[in-house]
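Residue numbers (this note's numbering): 53 to 303.
Backbone N, C-alpha and C fix where the C-beta goes; we use that ideal spot for every residue, glycine too.
In this text the structure is predicted, and so the values were computed from the model without any measurement.
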Amino acid sequence: MVHFVGAGPGAPDLITLRGAALLERADVVIYAGSLVNPALLERCRKDCAIHNSAKMTLEEVLAVMEEAEAAGKTTVRLHTGDPCLYGAIREQMDALDAKGISYDDTPGVSSFCGAAAAAQAEYTLPEVSQSVVITRMAGRTPVPEREGIAAWAAHGASMVVFLSAGMLEGLQEELLKGAYTASTPAALVYKATWPEEKVVRCTAGTLAEAGRAHGISKTALVLVGDFLEPEYQRSKLYDPTFTTEFREASR
Numbered sequence: 053m054v055h056f057v058g059a060g061p062g063a064p065d066l067i068t069l070r071g072a073a074l075l076e077r078a079d080v081v082i083y084a085g086s087l088v089n090p091a092l093l094e095r096c097r098k099d100c101a102i103h104n105s106a107k108m109t110l111e112e113v114l115a116v117m118e119e120a121e122a123a124g125k126t127t128v129r130l131h132t133g134d135p136c137l138y139g140a141i142r143e144q145m146d147a148l149d150a151k152g153i154s155y156d157d158t159p160g161v162s163s164f165c166g167a168a169a170a171a172q173a174e175y176t177l178p179e180v181s182q183s184v185v186i187t188r189m190a191g192r193t194p195v196p197e198r199e200g201i202a203a204w205a206a207h208g209a210s211m212v213v214f215l216s217a218g219m220l221e222g223l224q225e226e227l228l229k230g231a232y233t234a235s236t237p238a239a240l241v242y243k244a245t246w247p248e249e250k251v252v253r254c255t256a257g258t259l260a261e262a263g264r265a266h267g268i269s270k271t272a273l274v275l276v277g278d279f280l281e282p283e284y285q286r287s288k289l290y291d292p293t294f295t296t297e298f299r300e301a302s303r
């Protein structure tokens, strides 16, 4: 069968235990070569057939899977982060369904989680933001009109922007059409959890300038929102004056 596996955000030890075990047992591995850390491939058996999907079309990927299945082999399709975000896995799953090939999906740590860890941030702070928008700029691949950056920015929630580090001028312009101001805190997180990880703190109004100054134009997430500020309210869950199912409030 085919196992879709999330490789995690970059660091080889951030793949899940299940994902690592599947990788170690695989006869065939098809990995997203432009994004997955190649150090993960050191877990593969010496006789494992390894394919870099960055150089392949969907049809070529499916052909490898079908050939492996016909030979009774196990395939791991290794995606960056968690495959459910910008992983293009639905089209693969639908094709496998049509061919009668079994598959499962092992989640991974998404890079938006790795970016928060790198920035030492929490997206959901009391009285600041309780929602996280995960989105991307429209580029060569469009987004639905109702999901433009400016529309999401109107909410002023915590925002993580994927696949947009090469369009910072346009991203900055769209962000400022919403609830964010030029002084709203922001950060560029380059290659979160990789050895070359870099966190550049800036504002919504200086994103493009920060990208140019630090040479960041790809492989980075953009974080925007007041969750990056130091001010927030204490959580009720651990407040001694707040009663929960497990303890009474102190009087």
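Start and end residues, alpha helix (DSSP H) containing Met211
By one-based count along the sequence shown, residue 211 stands at place 159. It is not in any alpha helix (DSSP H) - Met211 instead sits in the beta strand (DSSP E) that spans Ser210 to Phe214.
Candidates Val276, Ser235 and Cys165: which alpha carbon is nearest Thr245's?
Taking the sequence shown and counting its residues from 1, the one referred to as residue 245 is at position 193. Ranking the options by Cα distance to Thr245, first place goes to Cys165.
Coil, strand or helix - Ala203 by DSSP:
On the sequence shown, position 151 is the one that residue 203 refers to. In the structure shown, Ala203 sits in a helix (DSSP, three-state: H, G or I).
Is the separation between the beta-carbon of Asn104 and that of Tyr83 shorter than 8 Å?
Start at 1 with the first residue of the sequence shown, and residue 104 comes out as number 52. Start at 1 with the first residue of the sequence shown, and residue 83 comes out as number 31. Cβ atoms of Asn104 and Tyr83: closer than 8 Å.
To which residues of the same chain is Arg95 closer than 7 Å at the C-beta, ignoring the five residues directly before and after it?
For the purposes of this step, residue 95 is taken as residue 43 along the sequence shown, with counting starting at 1. Cβ neighbours of Arg95 beyond the five flanking positions: Ala72, Leu75 and Glu76.
Using a Cβ-Cβ cutoff of less than 6 Å, which residues in the same chain neighbour Asp134 once the five nearest sequence positions on both sides are dropped?
Along the sequence shown, read from residue 1 onward, the residue named residue 134 stands at position 82. Taken in chain order, the residues that qualify are Gly58, Pro159, Gly160 and Ser162.
Indicate the three-state DSSP secondary structure (helix, strand or coil) for Tyr175 in the structure shown.
By one-based count along the sequence shown, residue 175 stands at place 123. In the structure shown, Tyr175 sits in coil (DSSP, three-state: anything other than H, G, I, E or B).
Are the segment 241-255 and the segment 284-294 touching by the rule of at least three beta carbon pairs closer than 8 Å?
no
Between the segment 270-281 and the segment 236-244, are three or more C-beta pairs nearer than 8 Å?
yes
Looking at the strands, I want to know which residues DSSP matches up with Asn104.
Locating residue 104 in the sequence shown gives position 52, counting from the first residue. According to DSSP, which records beta bridges pairwise, Asn104 is partnered with Tyr83.
One question on the structure: do Ala206 and Gly230 come within less than 8 Å of each other, judged by their Cβ atoms?
Counting from 1 along the sequence shown, the entry for residue 206 is found at position 154. Counting from 1 along the sequence shown, the entry for residue 230 is found at position 178. Yes, they are a contact pair.
Return helix, strand or coil for Ala120, following the three-state DSSP convention.
Position 68 of the sequence shown, counting from 1, holds the residue named residue 120. Of the three classes helix, strand and coil, the one that applies to Ala120 here is helix, per DSSP.
Does the segment 112-123 come close enough to the segment 139-150 that 3 or more CB-CB pairs lie under 8 Å?
yes
If you check the beta carbons only, do Ala262 and Val252 fall under 8 Å apart?
Along the sequence shown, read from residue 1 onward, the residue named residue 262 stands at position 210. Along the sequence shown, read from residue 1 onward, the residue named residue 252 stands at position 200. In this structure, Val252 lies closer than 8 Å to Ala262 by Cβ.
With Asp157 as the anchor, note down where its beta strand (DSSP E) starts and where it stops.
In the sequence shown, residue 157 corresponds to position 105, counting from 1. Tyr155 to Thr158 is the extent of the beta strand (DSSP E) around Asp157.
Using DSSP's beta-bridge definition, name the partner residues of Thr255.
As a first step, residue 255 must be located in the sequence shown, where it is residue number 203. Looking at the DSSP assignment, Thr255 forms a beta bridge with Pro237.
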